[in-house]
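>
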Amino acid sequence: MKPVRQALSAGLVRCPVCGLVCEHVLALQDLPCPRCNTPLHPRHPESLSQTWALLLTGLLLYLPANLLPVMYNSFAGHGGESTILG
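Residue 1105 is where the sequence shown ends in my numbering, and the numbering goes up by one at each step.
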């Protein structure tokens, strides 16, 4: 199977506003889009792996955050723990 070529390695960058695909010169980072004049910049190279890492961390911490006690109430000598779910 042939590896997929990245747009940045092909010298291309997409405008985030109008979607126009333009040639990107790495030396000129603040090159504007020819159609809408928005500054063009390449995506972060590890953005997809960072997104997956944050998603998995959120899923891992979801249950403890909702099931562990958040607050302890004490009224007239009777106390009880409260969680987010009840």
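Heads up, the beta-carbon is just placed ideally off N, CA and C, and yes, glycines get one too.
(1) Name the DSSP beta bridge partners of Val1089, please?
(2) What span of residues does the beta strand (DSSP E) with Arg1054 cover, start to end?
(3) Using 10 angstroms around the beta-carbon of Leu1027, count the other beta-carbons present and answer buried if the total reaches 16, otherwise exposed.
(4) Tell me which residues share the same chain as Pro1088 and place their Cβ nearer than 8 Å to its Cβ, disregarding the 5 neighbours each side in the sequence.
(5) In chain order, what residues of the same chain have a beta carbon less than 8 Å from the beta carbon of Thr1057, not counting five sequence neighbours either side?
(6) Does the separation of the CB atoms of Leu1086 and Leu1104 fall below 8 Å?
(7) Could you name the residues that DSSP lists as bridge partners for His1063?
(8) Using DSSP bridges, identify the partner residues of Pro1022.
(9) With DSSP run on the structure shown, which of helix, strand or coil describes Gly1077?
To lay it out plainly:
(1) Val1089 has no beta-bridge partner at all, per DSSP.
(2) Note, Arg1054: premise wrong, no beta strand (DSSP E); not H, not E.
(3) It is exposed - the Cβ of Leu1027 has fewer than 16 other Cβ atoms within 10 Å.
(4) These residues qualify, in order along the chain: Glu1100, Ser1101 and Thr1102.
(5) Result list for Thr1057: Cys1034, Pro1035, Val1036, Cys1037 and Pro1051, in chain order.
(6) Yes, they are a contact pair.
(7) Listed as beta-bridge partners of His1063 by DSSP are no residues whatsoever.
(8) According to DSSP, which records beta bridges pairwise, Pro1022 is partnered with nothing at all.
(9) When secondary structure is reduced to three states using DSSP, Gly1077 falls in the helix class.
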